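Have a look at the structure below before the remarks.
In the numbering used here, the protein residues as written are 131 to 947.
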């Protein structure tokens with residue numbers, strides 16, 4: 131640092147920057163280098179900039195003897211001409227979108243950054259301050275607010291120059307200080323993620339996903355991530371100063387972490403640039419091959435693109451659709467991915483050129499789509515309506531592909547201006563919108579809604595490894611109950627919010643948790659119930675032997691948050707107390723057996739609980755994994771079940787003896803049992819051919835019921851009765867049994883009706899037990915009841931069918947009950 135509190139004049143330039151304790155003044159005058167400047171000088175002034183506290187810090191940070199003039203209220207130092215020219219261009223561009231008061235704060239941040247980075251150069255040889263200036267300028271293209279640009283200019287001063295964060299807060303705002311602090315915290319992720327390159331504990335895709343989660347979870351202001359993305363773009367643009375290995379490492383990290391993150395935040399222009407820059411360093415041969423191939427066809431392609439664009443614009447104008455048509459070549463990395471995905475060379479990629487139609491309203495989007503499909507043949511399967519079905523990053527557009535002029539396929543995107551803003555700027559459009567409101571412009575409800583949803587992308591779940599469009603919905607509040615910390619080697623560990631070093635230790639390894647005796651967080655000794663914060667780096671201090679403390683299970687002490695750690699601690703004490711638990715379990719089981727006068731062996735009861743080992747079973751009782759109520763219930767249920775089975779077997783044996791001398795056994799067979807007396811139930815009157823079940827009675831053998839009998843269903847609900855219901859089937863070999871069946875006939879009354887019905891029964895040689903008839907005088911409907919002896923369902927069906935064919939007969943059905 132040449133000087134701290136300075137008046138600076140760029141040699142040979144009309145641009146003047148004056149800095150004093152009371153403030154600073156930056157004066158821009160017209161010059162040959164800046165023909166766009168107005169003739170009147172543009173002056174940026176700040177409020178009081180430097181305080182005695184800040185002067186004291188400068189002196190403490192730079193204890194070398196300073197010139198005598200350093201004690202005066204102002205002095206001069208020579209500024210780099212290239213730096214001031216770059217800042218001049220930056221401020222001139224900023225004039226177009228930001229009013230003077232806020233521009234002044236941004237200029238103030240530059241002054242401080244220049245002083246703090248004075249004399250420092252990057253590996254490329256350029257002054258270091260040009261890096262934060264380039265980052266801020268890139269954010270300017272997103273129309274980010276003054277606080278964000280100020281933080282971008284100051285994003286390295288805490289980490290590299292040791293400037294106090296409190297001074298940034300005092301000189302600018304709490305928001306600027308928080309953003310600088312957030313970027314500073316994210317710097318550690320760069321270092322640690324690099325150290326993860328040689329770690330094989332988890333796949334690289336999972337590491338990248340964890341780091342992307344970490345980026346968003348660690349910050350309270352999403353602008354921090356946007357600053358970091360712009361920072362990474364400039365670092366990638368100036369990567370040639372690094373070693374080949376370092377370039378590949380940084381490029382790989384950019385492709386796996388930063389480009390998908392930019393995509394998730396909806397900042398399309400950042401995503402494509404990061405992908406192309408990464409690809410250039412990861413596979414230079416493939417990059418150059420595609421780049422050169424595109425260059426060779428550029429003249430022809432641009433001529434074709436211009437004529438196609440003009441044709442689309444002319445057709446839109448002719449039908450009164452207000453829209454702007456632009457052409458755009460595909461990005462190199464996206465072309466490479468398509469070649470790789472389809473397994474084809476560059477020469478077979480025909481849709482290198484795309485077109486974008488930006489309209490003023492949604493209805494015009496669909497009208498423009500119809501016009502384009504009318505001009506050229508659409509390619510099947512290549513249409514997507516992201517207006518009706520937005521992507522998860524709130525991207526909206528109509529996508530189509532057509533066979534265009536000359537037989538070349540081409541992609542066309544159609545969207546409104548608001549959709550275009552979100553597509554290009556993503557979550558950053560929020561701050562463009564805020565600037566629009568500050569300037570007195572009307573609020574845009576559609577953009578407000580989209581931005582609100584985009585800001586929810588801070589809480590994203592995961593990114594697809596191949597950058598496919600997101601098929602899974604965003605899971606809101608995904609980070610609300612999680613905390614992300616680092617191991618000493620830079621691996622990201624995902625824990626429940628409120629987790630402690632003990633939770634961390636058990637997550638790494640059970641043995642490390644058991645031997646945990648202390649912890650360091652970010653280099654400082656902490657208590658074991660310290661609640662870990664996002665971004666903490668944790669080192670566990672362990673003993674050579676030993677185990678956990680029972681105090682760790684005390685919820686009020688707050689030593690353990692995760693269920694995983696708690697279970698492992700409990701498991702440890704269970705193992706230690708196994709013999710004691712077995713002894714205690716034996717006493718408990720023996721006591722309950724005596725209390726209920728039940729005679730089971732320990733091995734039998736262990737089998738009831740599916741334990742192969744009696745000791746394992748007794749230990750479970752001792753641990754209270756098997757509670758006393760559940761033990762008693764299991765034993766008594768088994769005893770009751772055995773008694774019911776014993777009674778049933780006795781009943782079956784008794785009924786079999788009763789039936790042995792009885793020749794009038796109904797023609798049914800009990801599955802698994804034979805020789806039992808069976809009688810049809812009077813409630814449902816089953817016939818051979820019906821689906822039936824048997825009910826074992828006391829003294830009457832088996833009662834045969836239809837399977838759907840309601841009385842039988844009711845018996846199932848009575849305790850102990852269900853065991854008496856047994857499966858049976860009709861014995862097809864027995865044909866000498868008859869069953870009383872009653873049918874009902876409904877018919878229009880006529881002479882001889884009853885005679886005809888009974889005649890059908892007689893002709894079938896069926897014994898008729900009873901017949902009667904009644905007539906309803908109101909409608910002359912006759913009702914005939916016939917009771918007869920039937921052998922089986924087929925015989926009944928034949929009789930019913932013949933009666934149904936009689937004149938005037940409307941309905942014939944079997945009566946039950």
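For every residue, glycine included, the Cβ atom is placed at its ideal position computed from N, Cα and C. Just so you know, these numbers come straight off a predicted model, no measurement behind them.
Annotated three-state conformation of residue 495 is helix, per DSSP.
Inter-residue distance for residue 846 and residue 822 is about 15 Å (C-alpha atoms, whole angstroms).
For the 9 Å CB-CB criterion, residue 283 and residue 242 form a contact. Residue pairing of residue 911 in beta bridges, as defined by DSSP: 878 and 906.
For residue 890 against residue 932, the beta-carbon gap comes to about 5 Å, under 8 Å, which counts as contact. By the neighbour-count definition (other C-beta atoms within 10 Å, threshold 16), residue 456 is an exposed residue. When DSSP states are grouped into helix, strand and coil, residue 651 belongs to the strand group.
For residue 358, no beta strand (DSSP E) run applies; the uninterrupted alpha helix (DSSP H) run containing it begins and ends at 353-367, by DSSP. In the three-state reduction of the DSSP assignment, residue 749 falls in the helix class, which pools H, G and I.
Sequence-distant partners of residue 439 (beyond 5 residues in either direction) whose C-beta falls short of 8 Å from its own C-beta, in its chain, are 455, 456, 457 and 485. Taking all protein chains in view, the Cβ of residue 705 is surrounded by fewer than 16 other Cβ atoms within 10 Å, so the residue is classified as exposed. Membership of residue 233 in the alpha helix (DSSP H) is indicated by the continuous run 230-246.
Counting C-beta atoms within 10 angstroms of its own C-beta, residue 943 has fewer than 16 neighbours from the protein chains shown and is therefore classed as exposed. Ranking 528, 630, 470 and 913 by CA distance to the CA of residue 493 puts 528 first. Residue 698 and residue 643 do touch by the CB rule: their CB atoms are close to 6 Å apart, below 8 Å. At the C-beta level, residue 460 and residue 474 stay beyond 9 Å of one another. Rounded to whole angstroms, the gap between the alpha carbons of residue 379 and residue 656 is 34 Å. Under a 10 Å Cβ-count criterion, residue 833 is classified as buried, with 16 or more other Cβ atoms of the shown protein chains found around its own Cβ.
Rounded to whole angstroms, the Cβ separation of residue 809 and residue 831 is 6 Å, and the two are in contact under 8 Å. Within the model, the alpha-carbon separation for residue 852 versus residue 859 is close to 18 Å. For residue 309, the secondary structure class from DSSP, reduced to helix, strand or coil, is helix.
Between residue 814 and residue 946, the C-beta spacing is below 9 Å. The region 408-484 contains, as complete alpha helix (DSSP H) runs of 4+ residues, the segments 414-426, 428-448 and 462-472 (chain order). In this structure, residue 756 lies near residue 739, with their beta-carbon atoms less than 9 Å apart.
Of all alpha-carbon atoms in 315, 265 and 274, the one lying nearest the alpha-carbon of residue 232 is that of 274.
Of the candidates 668, 298 and 436, 668 places its Cα closest to the Cα of residue 621. Under a 10 Å Cβ-count criterion, residue 639 is classified as exposed, with fewer than 16 other Cβ atoms of the shown protein chains found around its own Cβ.
In terms of CA proximity to residue 524, 553 leads the group 553, 272, 504 and 515.
The beta carbons of residue 884 and residue 914 sit about 6 Å from each other, so the pair counts as a contact at 8 Å. In the DSSP assignment, residue 641 falls within the unbroken alpha helix (DSSP H) covering 640-644. In the DSSP assignment, residue 508 forms a beta bridge with 532.
Beta-bridge partners assigned by DSSP to residue 680: none are found.
The Cβ-Cβ distance between residue 306 and residue 315 does not fall below 9 Å. Taken through DSSP and simplified to helix, strand or coil, residue 833 comes out as strand.
Under the three-state reduction of DSSP output, residue 502 falls in the helix class. Relative to residue 403, the option among 462, 534, 489 and 423 whose CA is nearest is 462.
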